[in-house]
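Numbering (this note's numbering), first residue to last: 197 to 569.
Working notes, structure below.
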Amino acid sequence: MILCRAVYGEIMSFPKKTDVSIPHEQPSGGVHTQLSELSPAYFGMAMATGIVSLGTQLVGLNSIANALFLLNIIAYTTLLILTVLRMSLYPRRFFGDMTDHLRGSGFFTTIAATGILGSQFILLKSNYFVGAIFLVVAVLLWVGLTYTIFASFTIKEEKPTLDKGISGAWLLAVVATQSIAILSALLAEHVGQPGKLEMNFLALSMWLWGGMLYIWMMSLIFYRYTFFPFSPADLSPPYWINMGAMAISTLAGSLLIINVPHAPYLASLLPFIKGFTVFYWVTGTWWIPMLLILGIWRHVYKRFPLKYDPLYWGAVFPLGMYAVSTGRMSQAMGFDFLWFLAPVFLCIALLAWTMTFSGLVKDLLRRARAFRV
197 MILCRAVYGE IMSFPKKTDV SIPHEQPSGG VHTQLSELSP AYFGMAMATG
247 IVSLGTQLVG LNSIANALFL LNIIAYTTLL ILTVLRMSLY PRRFFGDMTD
297 HLRGSGFFTT IAATGILGSQ FILLKSNYFV GAIFLVVAVL LWVGLTYTIF
347 ASFTIKEEKP TLDKGISGAW LLAVVATQSI AILSALLAEH VGQPGKLEMN
397 FLALSMWLWG GMLYIWMMSL IFYRYTFFPF SPADLSPPYW INMGAMAIST
447 LAGSLLIINV PHAPYLASLL PFIKGFTVFY WVTGTWWIPM LLILGIWRHV
497 YKRFPLKYDP LYWGAVFPLG MYAVSTGRMS QAMGFDFLWF LAPVFLCIAL
547 LAWTMTFSGL VKDLLRRARA FRV
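What follows is the structure, given as structure tokens:
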């Protein structure tokens with residue numbers, strides 16, 4: 197019982213902004229306060245666990261892949277229950293986060309986690325029915341959240357300045373979009389006509405839209421990088437999504453290339469798809485040394501403390517996604533000389549996942565001891 201209360205407290209402890217008091221929704225304290233302020237971005241844990249699971253499956257470590265798959269089902273289900281509870285008990289706080297420039301983008305982790313878990317059901321268990329259900333849920337969430345969040349950002353009267361209102365977390369919208377492209381492309385391999393045609397078209401459309409969204413958002417983020425003051429605290433782990441968004445776009449493009457024999461209209465676009473897939477991969481690869489340099493600047497030169505933070509799940513996911521996307525691209529395009537990068541980055545992602553999960557366990561034990569006291 198003590199450990200369960202500690203787990204609950206840990207999940208609720210995601211970093212948050214100061215909230216203005218809202219009448220008639222005042223939590224009574226303790227876990228109730230933490231539930232009311234649960235970050236919408238905590239599904240990043242399910243994203244990270246899911247993609248590392250798929251990476252281990254890609255290189256043949258099936259036992260690890262299945263263990264992480266089971267763990268991801270538990271994590272996703274727990275987070276879903278807590279999110280529904282928060283929405284039911286504290287609706288004004290829940291929906292208020294959607295209009296917040298810093299917290300609103302976190303809702304896109306729900307879509308990405310749904311798409312990745314659906315992909316796990318297909319690739320690990322060959323369960324296409326459940327995969328299709330997850331696709332429907334992901335599309336419904338994408339439509340609802342995309343137009344709610346960005347419309348609210350547009351029409352709200354009081355807005356933050358660019359340096360205070362945008363971060364790498366905005367690119368979670370790209371990740372969410374591409375997760376749908378991946379799931380629909382995977383399903384397209386296992387359905388008959390005319391469903392195969394529609395699934396591939398959905399995958400192509402979401403892949404293109406995700407790429408355009410990245411160009412829009414990355415322009416603003418890069419402008420914020422280079423023309424506004426930047427402190428170590430500003431360089432939070434979700435900035436690794438700069439690379440992760442390109443990695444998942446690479447994966448979606450690679451799956452479209454694999455599906456070309458089953459969709460004639462994709463054949464006519466094959467040179468374009470191949471060109472942009474390499475473009476996405478090269479862009480993502482460029483970000484890796486840059487992010488490492490910024491990380492050294494943050495933790496070594498500026499001596500920003502390196503300790504467990506739930507935000508680090510947002511750094512594990514891009515590492516795992518880069519491993520999977522590189523492996524799939526090397527298969528789809530015959531780039532055998534790039535295959536070695538897949539197991540190398542998978543090892544790095546597994547190490548990062550293990551360190552983050554160990555930090556989580558240590559924090560749970562600390563909280564358990566506190567509850568005993």
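The beta-carbon is built from N, C-alpha and C at its ideal position, and this holds for glycine as well.
Please read these numbers as outputs of a predicted model, since none were measured by experiment.
Taking its Cβ as the centre, do 16 or more other Cβ atoms sit within 10 Å of residue i, making it buried, or is it exposed?
{"i": "S464", "result": "exposed"}
{"i": "N396", "result": "buried"}
{"i": "E394", "result": "exposed"}
{"i": "S375", "result": "buried"}
{"i": "V248", "result": "buried"}
{"i": "I264", "result": "Inspection of the sequence shows that residue 264 is occupied by Leu rather than by Ile. Classification for L264: buried."}
{"i": "G471", "result": "exposed"}
{"i": "L336", "result": "exposed"}
{"i": "E507", "result": "Strictly speaking, residue 507 in this sequence is Leu, with Glu absent from that position. Under this definition L507 is a buried residue."}
{"i": "F303", "result": "buried"}
{"i": "L400", "result": "buried"}
{"i": "I411", "result": "exposed"}
{"i": "Y343", "result": "exposed"}
{"i": "K558", "result": "exposed"}
{"i": "A237", "result": "buried"}
{"i": "S554", "result": "exposed"}
{"i": "P211", "result": "With a pLDDT of 41 at P211, under the threshold of 50, the modelled position of that residue is not reliable, and no figure is offered here."}
{"i": "G246", "result": "buried"}
Kindly list the residues whose CB is nearer than 8 Å to the CB of residue i, restricted to its own chain and excluding five residues on each side of it in sequence; keep chain order.
{"i": "S450", "result": "T473, S521, R524, M525, Q527, A528, M529"}
{"i": "V216", "result": "Unreliable positioning characterises V216 in this predicted model, as indicated by a pLDDT of 37, which lies under 50. The coordinate reading is nonetheless provided below. Cβ within range, chain order: n/a, list empty."}
{"i": "G327", "result": "G314, S315, F317, I318, L379, L382, L383"}
{"i": "R282", "result": "L231, S232, L234, R289, F290"}
Using a Cβ-Cβ cutoff of less than 7 Å, which residues in the same chain neighbour residue i once the five nearest sequence positions on both sides are dropped?
{"i": "Y324", "result": "I318, L383, H386"}
{"i": "L495", "result": "Strictly speaking, residue 495 in this sequence is His, with Leu absent from that position. For H495, where only same-chain residues beyond five positions count, the Cβ hits under 7 Å are L502."}
{"i": "G440", "result": "V371, F513, P514, M517"}
{"i": "P219", "result": "Its pLDDT being 44, under 50, P219 is placed unreliably in this model, and the value from its coordinates should be taken loosely. Excluding sequence neighbours, P219 sits near nothing in its chain."}
{"i": "P428", "result": "R494, K498, F500"}
{"i": "V456", "result": "L462, A463, L466"}
{"i": "P431", "result": "Residue identity differs from the one stated: residue 431 is Leu in this sequence, not Pro. So the list reads L490, R494, once near-sequence residues are dropped."}
May I have the straight-line CA-CA distance separating residue i from residue j, to the nearest angstrom?
{"i": "T357", "j": "S363", "result": "12 Å"}
{"i": "F424", "j": "G361", "result": "12 Å"}
{"i": "R562", "j": "K503", "result": "14 Å"}
{"i": "S182", "j": "P390", "result": "Coverage of the chain is limited to positions 197 through 569, which leaves residue 182 absent and any answer about it impossible."}
{"i": "Y286", "j": "I345", "result": "18 Å"}
{"i": "V332", "j": "V255", "result": "29 Å"}
{"i": "F291", "j": "L367", "result": "20 Å"}
{"i": "I269", "j": "L398", "result": "26 Å"}
{"i": "N258", "j": "I444", "result": "22 Å"}
{"i": "L404", "j": "T295", "result": "26 Å"}
{"i": "L341", "j": "R299", "result": "13 Å"}
{"i": "S322", "j": "I260", "result": "17 Å"}
{"i": "L490", "j": "W483", "result": "10 Å"}
{"i": "P433", "j": "L266", "result": "26 Å"}
{"i": "F426", "j": "P460", "result": "48 Å"}
{"i": "Y164", "j": "M486", "result": "In the structure displayed, the chain extends from 197 to 569; residue 164 sits before or after that span and is not available."}
{"i": "M413", "j": "G407", "result": "10 Å"}
{"i": "Y272", "j": "T479", "result": "30 Å"}
{"i": "Y419", "j": "D359", "result": "9 Å"}
{"i": "S415", "j": "M241", "result": "27 Å"}
{"i": "E353", "j": "I417", "result": "22 Å"}
{"i": "L278", "j": "R289", "result": "14 Å"}
{"i": "A448", "j": "T481", "result": "16 Å"}
{"i": "I437", "j": "L409", "result": "14 Å"}
{"i": "F613", "j": "G510", "result": "Nothing can be reported for residue 613, as the shown portion of the chain is limited to 197 through 569."}
{"i": "V339", "j": "F468", "result": "27 Å"}
{"i": "W535", "j": "W477", "result": "13 Å"}
{"i": "Q253", "j": "I312", "result": "14 Å"}
{"i": "F475", "j": "A347", "result": "30 Å"}
{"i": "Y435", "j": "L488", "result": "11 Å"}
{"i": "L320", "j": "D293", "result": "35 Å"}
Keeping to the same chain, check which residues put their C-beta closer than 6 Å to that of residue i; ignore five residues upstream and five downstream.
{"i": "A519", "result": "G251, A538, F541, L542, A545"}
{"i": "V185", "result": "The question about residue 185 has no answer, for the chain in this structure spans 197 to 569."}
{"i": "L556", "result": "none"}
{"i": "F239", "result": "L275, T305, T306, A309"}
{"i": "M402", "result": "T373, I376, A377"}
{"i": "H297", "result": "P356, G361"}
Against chain B, does residue i count as a neighbour if the rule is that its beta carbon must be under 8 Å from one of theirs?
{"i": "L537", "result": "Of the protein chains in this structure there is only one, and it is not chain B."}
How about residue i: is its Cβ closer than 7 Å to a heavy atom in the ligand HEM?
{"i": "T350", "result": "As for the ligand HEM, it is missing from this structure, which has no ligand bound."}
Which full runs of the alpha helix (DSSP H) of 4+ residues lie inside the stretch 292 to 337, going along the chain?
304 to 321
Fully enclosed by the stretch 344 to 427, which alpha helix (DSSP H) runs are 4 residues long or longer?
358 to 361, 368 to 384, 391 to 423
Mind pulling the alpha helix (DSSP H) runs of 4 or more residues that sit fully within the stretch 458 to 535?
460 to 464, 466 to 492, 509 to 529
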